[in-house]
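Since the structure comes first, as C-alpha cells, the remarks are kept for the end.
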Amino acid sequence: MAPEKKKLRVATASLAGCFGCHMSLLDLDERILELLKHIEFDRSPITDIKTCGPCDLGILEGGVCNAENVHVLREFRKQCKTLVAMGACAVNGGLPAQRNHLDVRDCLQDVYLVGVGVSRGFIPNDPELPLPLDRVHPLHDVVKIDYFLPGCPPSADAIWQFLTDLLAGRTPHLGHGLIHYD
Amino acid sequence: MSGDVSAVLAKHQHDPTRLVQILRDLMAAQRHLTPQDLTAIAKGLALPRGRVEGVAGFYSFFATEPRGAYRVLFSDSITDRMAGSVELRQRLLDAFHLRLGEVSRDGLLSVDVTSCTGLCDQGPAMLVNGVAIPRLTHARIGAISALIRASSPMEWWPENLFSIHSHIERRDQVLSTPFERGEAVRAAIRRGPDGTLEELQRSGLRGRGGAGFSTATKWTACRGAEGRARFLVCNADEGEPGTFKDRVLLADHLELVLDGMTVAGHTVGAKKGFLYLRGEYPFLVQPILAALEERRHERWLGSEIAGVPGFDFDIELHVGAGAYVCGEESALIESLEGKRGIPRNRPPYPVTHGYLGQPTVVNNVETLAKCALIASHGAEFFKLRGTAKSTGTKLLSVSGDVARPGIYEYGFGVPVSQVLADAGAERTQAVQVGGPSGTLLSRSELGRRIAFEDVPSAGALIVFDESRSILDVVESFAAFFAHESCGFCTPCRVGTTLAAQMMGRLCHGRGTRRDVKDLARVARQMRATSHCGLGSSAGNPVLHALEKFRPSFDKALASHEVVPSFDLDEALAPAREVTGREDEGAHLTEEAT
C-alpha cells in the first residue's frame, strides 16, 4: 500500500474583516469534504485553535487596523510557508479603510466621549484591548504576501480554483468569471 | 444672485462656452466660489449645476472653499525644488505659524503648491493671487511676508517683484530674423491659400508641441473637411515642467505668432481663432490684448483684412486655470467649450470634429511662429536649418544645473552635449528632454541629437548634475502626474497615484524590492491601457530611470527583505494619545520578514 500522502497544513484568520470571506470558504459546501482529504486545519475559526503552529499555507482575511492584527499577521508570516491575502480588505484595506481620511483621535472621541447619547463616557484604556492604528493598511504594507485572492468576497468557486491550483502545484490562475469587481 | 455673479455673467453674455473664463473672473473678484455662486451661474447659463461644480472642481486655480486673502501657490517643479523652494516655503509657513494647505485663522494667508509655473529659468517661483513672482530668495520671502502682514494691496507691491525676464541665450532663424507686423499675412494673401499650403508642404514643417505631425497635412485636412465653420486654436498651454519657450515667444515675438495665426486662418478658411494661454502666465494677458486691439485698429484683424474682401478673421484670448492635461489638443478644446479638460476619444480628430464639433486646427505657439516665417521668407529659407526629416530650428528651454538657463534656438539635429556646453553645464549626470513625459538621458547618451528621428521633444531640457538624486527627480515627476491626471480613466488615475506612493516610499528609505517590481508593472500598464497621452507617458520617468539608473533604486532599498511600508509604532501614537496608554501592548517594534 502506498504511504498516505502528507496533508497540507492550513491556517486561516480574519483580521480587520467581516468574516465574509470565511463564509465564502464555507460556501464550498460538500467540496469541503473533498478538500479535507488533502488539507488539515491549524489555527482557524473552524478549529478554534488560538495560536498558529508551523503550516504550509496561511490564508488571511481583512486588513490591518490595530496592534493585534499586526501580531497575528506576523505570527502567520513566521509560521506559514505561503501566505495568501484573501478578499478586498486584505488586498487593499477595503471597507474599514474608509476611516483613513478621518483622524483616529476624533473617531474615538466621537464614539466614547461626545457622541449623541453618550453620558459620562471615557475612552477605553484597558491594556487587554488592542490599540487602533492611525490608518487601515493592506497586508502587504506590513509583511511579504505571496498571493492575492481578490473579491468581496471571492466566490467559493474562486477559492476552490485557487486552492486546487495550489494543491496541484500550479501557479493559481483565476480565469474568466471568477474575478468580479462589481 | 450676488452682484459679482450677475455682472460677470453679463460681461460674458451668458455664454456657457465661456464658463472657465466666468469662473476665473469670479475667482479674481472674490477669491473663492460659494455654493450659491455655482447655483446662480448654473441658472444664468442654463446648465446643470453638476456641470458647473464639475468644472469648478477640475481646475486647480478654482477654489470652492475659502482661501486666504493672499493665496500663495509655490511652483513645485523639480527645478524649483533644486533651487531651494522647499526651504523658502517652510520659511513663509513658519513666519505665519501655518501648515501647508491651511488658511491662517484671520483669513489673511493660505499657502499651497502648484505644478510647474513655467519660470524654470528664474525659479523658485510662486503665484500670489494668480500673479507670478520669480527668483525667490530669503530676502524676497521676508519682504513678501511683511507686505502680507501689512495687508498691502498687491498693486502697491514693488514692481520689480513681478518682473519676468526672457533670458534668450542663443538666437537662430526665428529669434534673429527681423519681423514686421502683417508681413506674413501680406505674403499669404499674395500666394493665396493653395500657394501657402504648397510652401508649407515644401518646408516640411512639423508640429513643435512634441508630436511632430506635419503642419501642412493638418491644415489641408481641416481645409477640406465639411463643416458650418472652421476654427484655429493656438495652443499656449505649455504645462510640461521645464518648458517655457512659448512664454518667451509670446512676450518677445508676439507679432510673429499672431501673424502665424492669421496666416493659418486665411489658409484653412477659419473666421475665428483662439489663443489658449495657460493660467500661470497672467503677465502676458494685457500685452496680448493690447496687440490684438492694435491689429484690429490697423485692420490686420477683423473683417476684410488688409482690404481683401471675404478675408475675415479675429482672435479671442482664452486663459486656462491650471490643468496640465489641457495641453492635449482635445482636452484643450473641451476647456475652450467651458467644460472639464478631459481628452476626447480620437478619432475623430479635431481637424474634422474640433471646437463645437467643427473642423479645427490646433497648433503650438512655436509652430505658428514658424508658419509666419515660412510665409514671409519661403520654404527654402526655412530648410537652411535642421535635418532632412526635421527641418528648421527648435527653441529649447534649458534649466536645472546650468550656468545660463534660458532659451536656446538651434537647428534641429543639435547634439545634447553641445546645448549643455553652451549653457555651461558641468558634471552632468542626466538630462530630462521633453519634460517628465519625455526621455531621461544618462551621461553616456549626451551625444544624441534633438530631432524627431532621434530624441523628439517639445523643447525642454532639465539638467541634473552629479549632486542630484535621480530618485528625487523621478519622485517629483511621479507626484506631478498623480496631481495632473484628469481622473477619467482608471489606469492613469490609479496608476499615477500608486507610482507616486511607491516612489515616495523609496525616497524615504521604506521601499522594498516588491515596490521596484510593481513600479515597472504599473508603468507598463499605464503605457498600454491609458485613455490619452498623459497616462501613456506617465510611466516614462520610472521606466527610463529603472533602465538607466537601476543601481540608484537598489541602493535605496531598506533591506532585501520586506519591511513595513510605514512606521508601525508611530501609527499607534494618536490612539496612545487619547487613551493615555503607555503599556507594552501600546507599542509595536519594527521587524523585517
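Going line by line, the protein sequences match chains A and B.
Counting the first sequence from 1 gives a position; the working numbering is that position plus 22.
Position 263 (the second sequence) corresponds to 247 in the working numbering; numbering is contiguous.
Don't be surprised by glycine CBs; every beta carbon is placed ideally from N, CA and C.
**Request:** Starting from Lys256/B, follow the beta strand (DSSP E) in both directions and report where the run begins and ends.
**Result:** Residue 256/B sits at position 272 when you count from the first residue of the second sequence. It spans Lys256 to Leu261 - the beta strand (DSSP E) in which Lys256/B sits, taken as one unbroken run.
**Asked** CA-CA distance, Asp187/A and Cys40/A?
**Response** Translated into positions along the first sequence, residue 187/A becomes position 165. Translated into positions along the first sequence, residue 40/A becomes position 18. Going from the Cα of Asp187/A to the Cα of Cys40/A covers about 26 Å.
**Every unbroken beta strand (DSSP E) inside the stretch 312 to 384 of chain B [3 residues or more]** = 344 to 348 and 377 to 384
**Message:** Tell me the rounded alpha-carbon separation between Ala484/B and Gly208/B.
**Reply:** Here residue 484/B corresponds to residue number 500 of the second sequence, with the count starting at 1. Here residue 208/B corresponds to residue number 224 of the second sequence, with the count starting at 1. Going by the C-alpha atoms only, they are around 44 Å apart.
**Item:** Reference Phe184/A, options Arg96/A, Thr104/A, Phe98/A and Leu95/A, closest by Cα
**Value:** Looking up residue 184/A in the first sequence gives position 162. Considering only alpha carbons, the answer is Thr104/A.
**Asked** Within the chosen definition, does the stretch 107 to 116 of chain B reach the stretch 49 to 62 of chain B through at least 3 CB pairs nearer than 8 Å?
**Response** yes
**Message:** Are the CB atoms of Arg330/B and Glu318/B within a distance shorter than 8 Å?
**Reply:** Reading the second sequence from its first residue, position 334 is the one you call residue 318/B. Reading the second sequence from its first residue, position 346 is the one you call residue 330/B. No. Outside cutoff.
**Message:** Assuming Leu556/B and Leu155/A are in contact, meaning their beta carbons sit under 8 Å apart, how far apart are those beta carbons, in whole angstroms?
**Reply:** If you number the second sequence from 1, residue 556/B lands on position 572. If you number the first sequence from 1, residue 155/A lands on position 133. 6 Å between Cβ atoms; contact.
**Prompt:** When you compare only the Cα positions, how much space is there between Asp538/B and Gly191/A?
**Reply:** What you label residue 538/B is simply residue 554 of the second sequence in a count that begins at 1. What you label residue 191/A is simply residue 169 of the first sequence in a count that begins at 1. When rounded, the distance between both Cα atoms is 32 Å.
**Message:** To test your reading of the DSSP string, which unbroken alpha helix (DSSP H) runs of 4 or more residues are found completely within the stretch 62 to 86 of chain B?
**Reply:** The qualifying runs are 62 to 66 and 69 to 79.
**Request:** May I ask you to report which of helix, strand or coil DSSP gives Met190/B?
**Result:** Working through the second sequence from its first residue, we reach residue 190/B at position 206. A quick correction: the sequence has Arg, not Met, at residue 190/B. DSSP places Arg190/B in strand when its eight states are reduced to three.
**For Cys77/A: DSSP bridge partner residues** = For the purposes of this step, residue 77/A is taken as the residue at position 55 of the first sequence. In the DSSP output, where bridge partners are listed per residue, Cys77/A has Cys102/A.
**Message:** Among Gly253/B, Leu357/B, Ser44/B and Arg124/B, whose alpha-carbon lies nearest the alpha-carbon of Ser69/B?
**Reply:** As a first step, residue 69/B is located in the second sequence; it is residue number 85 there, counting from the start. Checking every option, the nearest Cα to that of Ser69/B belongs to Arg124/B.
**Asked** Counting only beta-carbon atoms, is Glu86/B nearer than 8 Å to chain A?
**Response** Against the second sequence, residue 86/B aligns to sequence position 102. With 8 Å as the cut-off, Glu86/B does not count as an interface residue toward chain A.
**Request:** Return the bridge partner residues of Gly139/A from the DSSP annotation.
**Result:** Indexing the first sequence from 1 puts residue 139/A at position 117. Bridge partners of Gly139/A: none, in fact.
**8 Å Cβ shell around Cys355/B - same chain, five flanking residues per side excluded** = Along the second sequence, read from residue 1 onward, the residue named residue 355/B stands at position 371. Correct list, in chain order: Ala168, Leu184, Leu189, Thr199, Gly244, Val247, Ala248 and Asn347.
**Asked** Taking Cβ positions only, does Pro548/B come closer than 8 Å to chain A?
**Response** As a position in the second sequence, residue 548/B is number 564, starting the count at 1. By this cut-off, Pro548/B is an interface position.
**Asked** Whose CA, out of Pro548/B, Val546/B, Val500/B and Arg560/B, lies closest to the CA of Phe533/B?
**Response** On the second sequence, position 549 is the one that residue 533/B refers to. Checking every option, the nearest Cα to that of Phe533/B belongs to Val500/B.
**Message:** I need the DSSP call for Arg31/A, collapsed to helix, strand or coil.
**Reply:** For the purposes of this step, residue 31/A is taken as residue 9 along the first sequence, with counting starting at 1. Reduced to three states, the DSSP call for Arg31/A is strand.
**Asked** My guess is that Lys202/B and Val349/B are in contact by the Cβ rule of under 8 Å, so how many angstroms apart are they, rounded?
**Response** Numbered from its first residue, the second sequence carries residue 202/B at position 218. Numbered from its first residue, the second sequence carries residue 349/B at position 365. Not really, about 15 Å apart at Cβ, beyond 8 Å.
**Asked** For Thr563/B, which residues in chain A fall below 8 Å Cβ to Cβ?
**Response** Start at 1 with the first residue of the second sequence, and residue 563/B comes out as number 579. Going along chain A in sequence order, the residues near Thr563/B (Cβ under 8 Å) are Leu130, Ile145, Pro146, Asn147 and Leu153.
**Message:** Using beta carbons (cut-off 8 Å, strictly below), is Gly471/B in contact with chain A?
**Reply:** Within the second sequence, residue 471/B is the residue found at index 487, counting from 1. Residue-level contact check: Gly471/B does not touch chain A, since none of the beta carbons of chain A fall below 8 Å from its beta carbon.
**Asked** Any C-beta of chain B sitting closer than 8 Å to the C-beta of Arg127/A?
**Response** For the purposes of this step, residue 127/A is taken as residue 105 along the first sequence, with counting starting at 1. Chain B, which has a Cβ nearer than 8 Å to the Cβ of Arg127/A, makes this yes.
**Prompt:** Do you know how far the Cα of His159/A is from the Cα of Val113/A?
**Reply:** For the purposes of this step, residue 113/A is taken as the residue at position 91 of the first sequence. For the purposes of this step, residue 159/A is taken as the residue at position 137 of the first sequence. Distance between the alpha carbons of Val113/A and His159/A: 9 Å.
**Prompt:** What first and last residue would you give for the alpha helix (DSSP H) that runs through Met110/B?
**Reply:** Here residue 110/B is taken as the residue at index 126 of the second sequence, counted from 1. Not the alpha helix (DSSP H): Met110/B falls in the beta strand (DSSP E), residues Met110 to Val112.
**Request:** Return the chain-ordered list of same chain residues with a C-beta closer than 6 Å to the C-beta of Leu530/B, the five sequence neighbours on each side being excluded.
**Result:** What you label residue 530/B is simply residue 546 of the second sequence in a count that begins at 1. Excluding sequence neighbours, Leu530/B sits near Ala504.
**Message:** So, for Ser287/B: in the same chain, excluding its five sequence neighbours on each side, which residues have a beta-carbon less than 7 Å away from its beta-carbon?
**Reply:** As a first step, residue 287/B must be located in the second sequence, where it is residue number 303. Answer for Ser287/B: Asp296, listed in chain order.
**Asked** For Glu578/B, which residues in chain A fall below 7 Å Cβ to Cβ?
**Response** A query on residue 578/B cannot be resolved here, the shown segment of chain B reaching from -15 to 577 and no further.
**Prompt:** Based on Cα-Cα distance, which residue from Phe197/B, Asp236/B and Thr227/B lies nearest to Phe163/B?
**Reply:** In the second sequence, residue 163/B corresponds to position 179, counting from 1. That would be Asp236/B, whose Cα lies nearest to the Cα of Phe163/B.
**Prompt:** When the cut-off is 8 Å and only beta carbons count, does Pro343/B lie next to chain A?
**Reply:** Here the question's residue 343/B lines up with position 359 in the second sequence. By this cut-off, Pro343/B is not an interface position.
**Asked** Between Glu300/B and the rest of its own chain, which residues show a CB-CB distance below 6 Å, the 5 nearest in sequence each way excluded?
**Response** Here residue 300/B refers to the residue found at position 316 when the second sequence is read from its first residue. Excluding positions up to five away in sequence, the list reads Phe258.
**Request:** For Leu316/B, I'd like the list of residues in its chain whose CB is within less than 8 Å of its CB, leaving aside the five on either flank, ordered along the chain.
**Result:** Along the second sequence, one-based indexing puts residue 316/B at 332. These residues qualify, in order along the chain: Val217, Asn219, Asp221, Tyr260, Cys310, Gly325 and Val346.
**Prompt:** Looking at the unbroken beta strand (DSSP E) that takes in Cys218/B, where does it start and where does it end?
**Reply:** For the purposes of this step, residue 218/B is taken as the residue at position 234 of the second sequence. Where Cys218/B is concerned, the enclosing beta strand (DSSP E) stretches over Phe215 to Ala220.
**Asked** Got a sec: which bits of the stretch 156 to 169 of chain A sit with their beta carbon under 9 Å from any beta carbon on chain B, in order along the chain?
**Response** Asp156, Arg157, His159, His162, Asp163, Val164, Val165, Lys166 and Ile167
**Asked** On the three-state DSSP scale, how would you describe Ile68/A?
**Response** Residue numbering aside, residue 68/A sits at position 46 when the first sequence is read from its first letter. Residue state, collapsed to three classes: coil.
**Touch test, the stretch 110 to 128 of chain A against the stretch 158 to 177 of chain A, Cβ-Cβ under 8 Å, three pairs minimum** = yes
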